[in-house]
Amino acid sequence: MPRLSDRVQKFTDSVIRRMTRISDEYGAINLSQGFPDFDPPKEIMDALAKVAYEGPHQYPITFGAENFREALARKQSKAAGRTINPETEIVVTCGGTEAMMATMMTIVNPGDKVMVFSPFYENYGADAILSGAEPIYIPLVPPTYEFDINLIEEGFKQGAKAIIICNPSNPCGKVFSREELMAIGELVLKYDAFAVTDEVYEHMVYAPNVHTCMASLPGMYEHTITCNSLSKTFSITGWRLGYVIGPEDVIENCKKVHDFLTVGAAAPLQEAATVGLNFPDSYYEELLATYTEKRAYFLEGLDRIGLKHNIPQGTYFVMVDISDFLALPQFEGYSDLEFCEWMIRNIGVASVPGSSFFKEPVNNLIRLHFAREKSTIDEAISRLSKLQELLK
Ligand SMILES: Cc1ncc(COP(=O)(O)O)c(C=O)c1O
Numbered sequence: 010m011p012r013l014s015d016r017v018q019k020f021t022d023s024v025i026r027r028m029t030r031i032s033d034e035y036g037a038i039n040l041s042q043g044f045p046d047f048d049p050p051k052e053i054m055d056a057l058a059k060v061a062y063e064g065p066h067q068y069p070i071t072f073g074a075e076n077f078r079e080a081l082a083r084k085q086s087k088a089a090g091r092t093i094n095p096e097t098e099i100v101v102t103c104g105g106t107e108a109m110m111a112t113m114m115t116i117v118n119p120g121d122k123v124m125v126f127s128p129f130y131e132n133y134g135a136d137a138i139l140s141g142a143e144p145i146y147i148p149l150v151p152p153t154y155e156f157d158i159n160l161i162e163e164g165f166k167q168g169a170k171a172i173i174i175c176n177p178s179n180p181c182g183k184v185f186s187r188e189e190l191m192a193i194g195e196l197v198l199k200y201d202a203f204a205v206t207d208e209v210y211e212h213m214v215y216a217p218n219v220h221t222c223m224a225s226l227p228g229m230y231e232h233t234i235t236c237n238s239l240s241k242t243f244s245i246t247g248w249r250l251g252y253v254i255g256p257e258d259v260i261e262n263c264k265k266v267h268d269f270l271t272v273g274a275a276a277p278l279q280e281a282a283t284v285g286l287n288f289p290d291s292y293y294e295e296l297l298a299t300y301t302e303k304r305a306y307f308l309e310g311l312d313r314i315g316l317k318h319n320i321p322q323g324t325y326f327v328m329v330d331i332s333d334f335l336a337l338p339q340f341e342g343y344s345d346l347e348f349c350e351w352m353i354r355n356i357g358v359a360s361v362p363g364s365s366f367f368k369e370p371v372n373n374l375i376r377l378h379f380a381r382e383k384s385t386i387d388e389a390i391s392r393l394s395k396l397q398e399l400l401k
């Protein structure tokens, strides 16, 4: 067989998505890949049913259907603190996943350095390889996930063209404070670079933490490319609707990348989801209330069964410390990945090994999520309680 490209040899399939497949195989409760087990808002489902008969069914405008972009611009202008032009400053993509890939393809030349916090959302590793970027990793140090701003300046001194900021952060749940973003922003401006933000969990930020949009900070709009998605906000991860917002000349070029990658996100789904983008603010308040309650419920459950965990400031992910289990003779030599596989088979709960997010050799954390109905959380906690018996 002819040789395949070198780039595909440099990364594996997604461990997150692999965990879901193994979970399905064993009928486990899947707390690995982050998606809810409850329905999207009824208004969106009703709109989808209507679209089935009334259309549109053909190609949308490549960079997004007009009404979808207009609704999006109205919603996101509030977050960005300025009026976003739906014609020139938005590209609608196939999920936040394509938003990040298209952004990287737009700004990176092979060999360009890009800073990525570690732990990082798995996709960024592959995005860097596919776009030819050379990542410089900036540690977010557990358990508080703080970072050293000097390392970021060092990265810019080495010529980094951009820094990717996942805010709120998957997997560690960190919400970057306004002060932290200001400090990073100052360096972005000083070194004439880009801040690329991934804000797909913008509406899951738990009090007293507050979401700050990097693009809204003084002087930052021209230097910020915001990647975002409807997946989590409207519980429609399967619809694959995302977007990039940025300054005009970036977006003009990003539109070209997007056009040749995918032509466009599904027209009927853009039409139906426009209903969601027009929801009043109370929708987002209720969403946050729901997730705040789920977070408390899940964390209480973990505390009850004695599992050590962080307290996420945002997102619906929790990092659980498995050091005590890995120290048991029966798990000698186990990697976190092997422990997760064992847990699927023997405990009936799927999680993601922390090592798939860290550049550093971290082997003692696993990621679980709580975007589940309470009854599913109850069952998951009951199954996880069997872990404690191992320590007796
Ligand atoms: C941080 C982050 N960015 C992007 C995505 C991908 O979002 P989408 O479903 O819109 O492609 C995810 C999905 O889990 C995520 O956690």
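Letter by letter, the sequence shown follows residues 10 to 401 of our numbering. Idealized CB from N, CA, C, for every residue including glycine. Just so we're clear, the structure is a prediction, and the values are computed from it rather than from any experiment.
Between the CA atoms of residue j and residue i - distance to the nearest angstrom
i: Thr-102; j: Ile-254; result: 11 Å
i: Gly-363; j: His-378; result: 13 Å
i: Gly-349; j: Gly-43; result: For the record, residue 349 in the displayed sequence is Cys; it is not Gly. The straight-line gap from Cα to Cα measures roughly 16 Å.
i: Ala-137; j: Asn-118; result: 11 Å
i: Gly-134; j: Phe-20; result: 8 Å
i: Glu-75; j: Ala-82; result: 10 Å
i: Asn-372; j: Asp-345; result: 5 Å
i: Glu-302; j: Pro-11; result: 54 Å
i: Leu-286; j: Glu-52; result: 11 Å
i: Ile-356; j: Tyr-300; result: 25 Å
Buried or exposed (CB count within 10 angstroms, at least 16 for buried), residue i
i: Pro-338; result: exposed
i: Tyr-35; result: exposed
i: Leu-400; result: exposed
i: Leu-396; result: buried
i: Arg-313; result: exposed
i: Ser-240; result: buried
i: Thr-235; result: buried
i: Val-60; result: buried
Contact under 8 Å by Cβ, residue i with residue j
i: Thr-206; j: Met-223; result: yes
i: Cys-263; j: Thr-106; result: no
i: Gly-310; j: Ile-245; result: no
i: Thr-71; j: Val-272; result: yes
i: Thr-168; j: Lys-122; result: The sequence as given places Gly at residue 168; Thr does not occur at that position. Going by C-beta atoms, Gly-168 is nearer than 8 Å to Lys-122.
i: Ser-394; j: Ile-375; result: no
i: Ser-127; j: Tyr-154; result: no
i: Ser-365; j: Val-24; result: yes
i: Thr-242; j: His-212; result: yes
i: Leu-196; j: Glu-162; result: yes
i: Ile-116; j: Lys-170; result: yes
i: Asp-46; j: Arg-381; result: yes
i: Lys-183; j: Leu-226; result: no
i: Ala-281; j: Arg-249; result: no
i: Tyr-95; j: Glu-79; result: Position check: residue 95 holds Pro in this sequence, whereas Tyr was assumed. Cβ atoms of Pro-95 and Glu-79: closer than 8 Å.
i: Ala-202; j: Gly-194; result: no
Distance cut-off 7 Å: residue i Cβ against heavy atoms of ligand 1
i: Cys-175; result: yes
i: Asp-387; result: no
i: Asp-207; result: yes
i: Ser-225; result: no
i: Tyr-130; result: yes
i: Thr-29; result: no
i: Asn-39; result: no
i: Thr-246; result: yes
i: Gly-43; result: yes
i: Asn-76; result: no
i: Thr-106; result: yes
Near ligand 3: residue i beta-carbon under 7 Å from a heavy atom
i: Ser-240; result: Ligands in the displayed structure: ligand 1; ligand 3 is not one of them.
(request) Please determine if the segment 160-180 and the segment 323-334 are in contact, where contact requires at least 3 C-beta pairs separated by less than 8 Å. (result) yes
(message) Check whether the segment 137-150 and the segment 85-96 are in contact - that is, three or more C-beta pairs closer than 8 Å.
(response) no
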